[in-house]
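Working notes, beginning with the structure itself.
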Amino acid sequence: MDLNTIKENLTFPIKAPQYRVGVDGFMSFANNTLTHDGRLRCPCVKCVNNKLLNPDDVNYHLLQYGIMRNYSTWVFHGESVDQSRFLYPKSLEKWILKSTGHKWRDYKCLLKGKGYDDDTDINTLYDNYPDDDVDYDQWVSLVNFWRSEEGKRRSNCSKESLEKAKVQPIHTTGTKSHARVREDMKKSSNKSPTRTQVYLKCHQHESEADITNQIKNVATEQGDQELDLDDDPVSKVLGKDKYGRVRGLGLGVKPSDVGDPSYPRFCNGLNMSTDNEAAVIHYFRRLEGVVQRLRTRVKRQGIIITKVKRKLRDHDISLSDESESDADIFSSKSDSETEAEHDNQ
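In terms of our numbering, the sequence shown opens at residue 91 and continues consecutively.
So this is what it looks like as structure tokens:
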């Protein structure tokens, strides 16, 4: 079955036999893109290529929720495309996927506000789907999830988190991201701005005046000293960040991206991408161990050569000048090392 036929079958409704044939064709086509641990990006409307699952779960998701409507070029599953259209640094891949998932969740929230109501009969909701923007099968899957216990639990958790939040941030930079603002500030001052400076620059809405004034007061009291993210003025006023996140610096920023990275001492100054960070650090640590073992071996060889040289002298065997010069290279040690050798003997 050729690729165009597979894609055409996937345009049928989820319950149609042609769609199931299309899913089988997709799984066979994407089989070559498995990760080292045997997982695959799931292109269903729920995961939107943002999760790595085992092939059985991907197959189930496609049959249960349907494939993404606009995923026409399978760039994550082995389809060859014009690579010049998708040139970006490897380190940006996670940010792109997070950004896509974030926009998709916002879009689902918009759909829920437009056409969903907890008190409306579910069959009526099925009939009132926004046909100009969403396939019927995908709308049914969304409604079923919103009516499920898991969907209700997530909705309640989100509402509770929103009520507990001290402030709802409203940035005033328009379409300009926090990362771009931070980079502009870095260029203008020739140094990296603090999280507090970026937050105050991006949040100047009148509804946040009380919050920003408190942050400014705390910043004045603390002065110019460098602080951890948990102790800076933003955290003092708004509370500590959630695990693995940094408030006010844009999507995908981690604490390790802002504070001093946990590199080995000899890695200072290297600009490593977060994608390869763990692998590079692991490699350098192994390399440090190899160098240490080589140093120990050379030191032992130098001691052995010195012992051999002394034995030859004891037997009145004269060495050539060249041999003497070579041996002297290895026998050049500090006084402390020489004394240590005498003690060992």
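Using N, Cα and C, we set each Cβ at its ideal position, and we do this for glycine too.
- The residues Val138, in chain order, have a CB closer than 7 Å to that of Trp194 in the same chain once the five nearest residues on each side in sequence are set aside.
- DSSP links Arg159 through a beta bridge to no other residue.
- The closest CA to that of His151, considering only Gln228, Trp185 and Gln391, is found on Gln228.
- Check the Cα spacing between Leu100 and each of Glu273, Trp164, Gly168 and Asp147: the tightest is with Trp164.
- With a cutoff of 8 Å on beta-carbon distance, Val271 and Ile301 are scored as not near each other.
- Distance from the CA atom of Gln382 to the CA atom of Lys399, rounded to whole angstroms, is 26 Å.
- For the 8 Å CB-CB criterion, Ile305 and Val336 do not form a contact.
- In the structure shown, Leu124 falls within a coil segment according to DSSP collapsed to helix, strand and coil.
- Assignment of Cys134 by DSSP, reduced to helix, strand and coil, places it in the strand class.
- In chain order, Pro220 place their CB closer than 7 Å to the CB of Lys204, counting only its own chain and leaving out the 5 sequence neighbours on each side.
- For the pair Ser238 and Thr310, the Cα-to-Cα distance works out to about 50 Å.
- Of the candidates Asn122, Ser118, Asp147 and Phe119, Asp147 places its Cα closest to the Cα of Cys132.
- Assignment of Leu319 by DSSP, reduced to helix, strand and coil, places it in the coil class.
- Of the candidates Ile394, Leu341 and Asp217, the residue whose Cα lies closest to the Cα of His192 is Leu341.
- For the set Asn140, Leu232, Asp211 and Thr190, the Cα lying nearest the Cα of Lys202 is the one of Leu232.
- Cβ-Cβ distances below 6 Å link Tyr161 to Pro133 in the same chain, with the five nearest sequence neighbours on each side left out; the list follows chain order.
- Counting only the Cα atoms, Asp217 lies some 23 Å from Pro107.
- A direct Cα-Cα distance of roughly 15 Å separates Leu182 from Ser267.
- Here the C-alpha atom of Asn121 lies approximately 21 Å from the C-alpha atom of Lys136.
- A distance below 6 Å between beta-carbons, with the five flanking residues on each side excluded, links Met275 to the following residues of its chain, in chain order: Pro283.
- A direct Cα-to-Cα measurement between Phe119 and Lys344 gives close to 35 Å.
- Spatial neighbours of Trp236 in its own chain (CB-CB distance under 7 Å, excluding positions within 5 residues in sequence) are listed in chain order as Lys202 and Tyr206.
- Thr265 counts as exposed, since fewer than 16 other C-beta atoms from the protein chains shown sit within 10 angstroms of its C-beta.
- Remark: C-beta atoms of Gln294 and Thr262 approach each other more closely than 8 Å.
- Residues Val233 of the same chain have their beta carbon placed closer than 6 Å to that of Leu215, with the five preceding and five following residues left out of the count.
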